[in-house]
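Chains as they are written, first to last, in our numbering: chain C, 683 to 862; chain D, 683 to 862.
Have a look at the structure below, then the notes.
There are 2 protein chains.
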Amino acid sequence: MQPWKTLARTTVLERGKYLTVEDHTIELPDGRTIEQWPWLATPEFVNVAVVTADRELLCFRQTKYAVPGVSLAVVGGYLEPGEDPLSAAQRELLEETGYEADTWTALGRYAVDGNRGAGAAHLFIAQNARRVAEINADDLEEQELLLLSAQQARAALEAGEFKCLPWAAVMALALLRLGG
Amino acid sequence: MQPWKTLARTTVLERGKYLTVEDHTIELPDGRTIEQWPWLATPEFVNVAVVTADRELLCFRQTKYAVPGVSLAVVGGYLEPGEDPLSAAQRELLEETGYEADTWTALGRYAVDGNRGAGAAHLFIAQNARRVAEINADDLEEQELLLLSAQQARAALEAGEFKCLPWAAVMALALLRLGG
Chain C
683 MQPWKTLART TVLERGKYLT VEDHTIELPD GRTIEQWPWL ATPEFVNVAV VTADRELLCF
743 RQTKYAVPGV SLAVVGGYLE PGEDPLSAAQ RELLEETGYE ADTWTALGRY AVDGNRGAGA
803 AHLFIAQNAR RVAEINADDL EEQELLLLSA QQARAALEAG EFKCLPWAAV MALALLRLGG
Chain D
683 MQPWKTLART TVLERGKYLT VEDHTIELPD GRTIEQWPWL ATPEFVNVAV VTADRELLCF
743 RQTKYAVPGV SLAVVGGYLE PGEDPLSAAQ RELLEETGYE ADTWTALGRY AVDGNRGAGA
803 AHLFIAQNAR RVAEINADDL EEQELLLLSA QQARAALEAG EFKCLPWAAV MALALLRLGG
């Protein structure tokens with residue numbers, strides 16, 4: 683199986699550090715070319731399923747602009763320029779919750795949109811987390827910290843209450859790894 | 683918790699049915715306003731974890747433009763205009779694999795990007811699937827059908843071999859529900 687080749691790329695829209703839209707000219711393995719294939723360049727980000735020393739899952743209840751109503755959510759955020767994913771995950775955990783964790787496991791890197799990019803999610807599980815500081819978040823959304831047992835987290839996940847794709851993905855991968 | 687309000691929206695880029703970029707003017711609950719918040723309008727889509735009558739998982743090996751190398755993948759595709767998610771999932775299963783399934787369970791609707799939209803994923807598990815027809819796919823990518831045991835699928839998932847976020851999400855949710 684051969685990858686598609688990028689023959690040319692043109693920036694068609696810029697919106698600061700969060701979004702650049704490009705048009706790509708692509709060559710398929712059979713020689714056909716496609717013009718104006720839209721490509722979304724957005725920052726990579728992390729999401730973390732956080733398990734406390736008491737084996738509870740540290741989550742949020744919050745609003746998000748693209749999500750109807752209130753959602754359960756997990757720790758996460760964009761990578762700073764040059765930052766590696768694990769450092770970003772550890773920084774976001776401390777900023778958003780005031781917790782630190784002893785044991786970090788990478789759950790993989792995932793393209794958000796297989797066709798158009800739209801960044802990548804780096805997912806982690808952080809275990810044996812403990813509160814060490816006050817919350818110091820700069821997020822625009824209102825959010826409320828909450829602790830769920832693994833059973834509560836699983837029930838909420840299966841009821842669709844983690845309403846964003848990377849949040850549901852990291853919770854499902856983590857609960858699978860923790861033993862269901 | 684109050685949602686953000688959309689005060690105005692302007693289309694700034696159109697690329698056929700797959701992408702429209704808008705600028706939104708947003709009012710936060712505390713009265714602040716944000717100008718030029720980029721919003722990605724893209725079609726909603728389905729992904730399906732397919733379990734055959736022999737309790738194997740029906741997957742693909744394939745390339746995707748936004749994914750490095752070859753990835754494991756699942757059945758999926760965009761909703762046609764006016765199509766409901768379950769019908770789209772059943773159509774994609776038949777077109778992409780020639781299979782039909784007896785038992786369908788919705789695993790939820792998930793915003794792809796909590797900040798900027800980028801469509802929504804409707805995830806399903808289809809059980810007791812059987813081959814009834816030839817493959818009739820119109821996808822541009824090369825793809826190869828394969829059957830994995832639940833144990834093989836889980837090992838591949840944990841090794842990060844489902845390299846797109848919605849594919850990993852639906853596999854993890856399905857394997858959790860099937861009993862790990």
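Here a beta-carbon is modelled for each residue, glycine too, at the ideal position from N, C-alpha and C.
Treat the numbers as computed from the prediction; the structure is a model and nothing was measured.
For Thr693/D, the enclosing beta strand (DSSP E) starts and ends at Lys687 to Arg697. DSSP, read as helix, strand or coil, puts Ala851/D in helix. With respect to Tyr781/C, Leu789/C sits apart: the two C-beta atoms are not nearer than 8 Å. Within chain D, Thr745, Lys746, Tyr747, Leu822 and Glu823 have C-beta atoms less than 9 Å from the C-beta of Trp686/C, given in sequence order.
For Ile716/D, same chain residues with a beta-carbon under 6 Å away, outside a window of 5 residues either side, are Ile708 in chain order. The Cβ-Cβ distance between Ala748/C and Leu739/C does not fall below 8 Å.
Distance check between Leu839/D and each of Ala854/C, Ala838/C and Val814/C places Ala854/C closest, using alpha-carbon atoms only. Contacts with chain D at 8 Å (Cβ-Cβ) do not include Ala731/C. A direct Cα-Cα distance of roughly 21 Å separates Glu816/D from Ile807/D. Contact annotation, Phe844/C with Ala783/C: C-beta distance approximately 20 Å; criterion of less than 8 Å not satisfied. Membership of Gln833/D in any beta strand (DSSP E) is not indicated; the residue belongs instead to the alpha helix (DSSP H) covering Ala832 to Glu840. A straight-line Cα-Cα distance of about 47 Å links Ser831/C and Lys687/C.
Under the DSSP definition of a beta bridge, Thr787/C partners with Ile807/C. Taking 8 Å as the upper bound on Cβ-Cβ separation, chain C lies near residues Leu789, Gly790, Arg791, Tyr792, Ala793, Val794, Asp795, Gly796, Asn797, Arg798, Gly799 and Ala800 of the stretch 781-801 of chain D.
DSSP, read as helix, strand or coil, puts Leu858/D in helix. As DSSP reads the structure, Ala771/D sits in no beta bridge. Pairing Ala841/D with Thr724/D gives a Cβ-Cβ distance that is not under 8 Å. With a minimum length of 3 residues, the unbroken runs of beta strand (DSSP E) contained wholly in the stretch 706-745 of chain D fall at 715-723, 727-734 and 739-744. DSSP places Leu827/C within a strand segment (E or B) once states are collapsed to three. For Glu840/C, the chain D residues whose Cβ falls inside 9 Å of its Cβ are Leu789, Gly790, Leu855, Leu858 and Arg859, in order along the chain. Taking CB atoms only, Arg697/D has a neighbour in chain C less than 8 Å away. Contact of Pro711/D with chain C is assigned, a C-beta pair being separated by under 8 Å. Per DSSP, Gly759/C is one residue of the beta strand (DSSP E) stretching across Val757 to Tyr760. With a threshold of 8 Å between beta carbons, Pro848/D makes contact with chain C.
Chain-order list of chain C residues neighbouring Pro767/D: empty, with the shortest C-beta distance near 13 Å, by a criterion of under 7 Å.
For Gln834/C, none of the residues of chain D pass the 7 Å Cβ criterion, the least Cβ distance being about 15 Å. Non-local C-beta neighbours of Glu777/D in its own chain, meaning closer than 7 Å and more than five positions away in sequence, comprise Asn818 and Ala819, ordered along the chain. Taking a C-beta distance under 8 Å as the contact criterion, Lys699/C and Gly796/D do not qualify as a contact pair. A distance below 6 Å between beta-carbons, with the five flanking residues on each side excluded, links Pro848/C to the following residues of its chain, in chain order: Asn729 and Ala803. Shown here for Pro763/D: not one same chain residue has a beta carbon closer than 6 Å to its own, the five before and five after excluded. Look at Val757/D: its C-beta is not under 8 Å from any C-beta on chain C. Within the DSSP secondary-structure output, Ala793/D pairs in a beta bridge with Cys846/C and Ala802/D.
Straight across, the Cα-Cα distance linking Thr693/C with Trp721/C is about 9 Å. Secondary structure at Glu816/D: coil, using DSSP grouped into helix, strand and coil.
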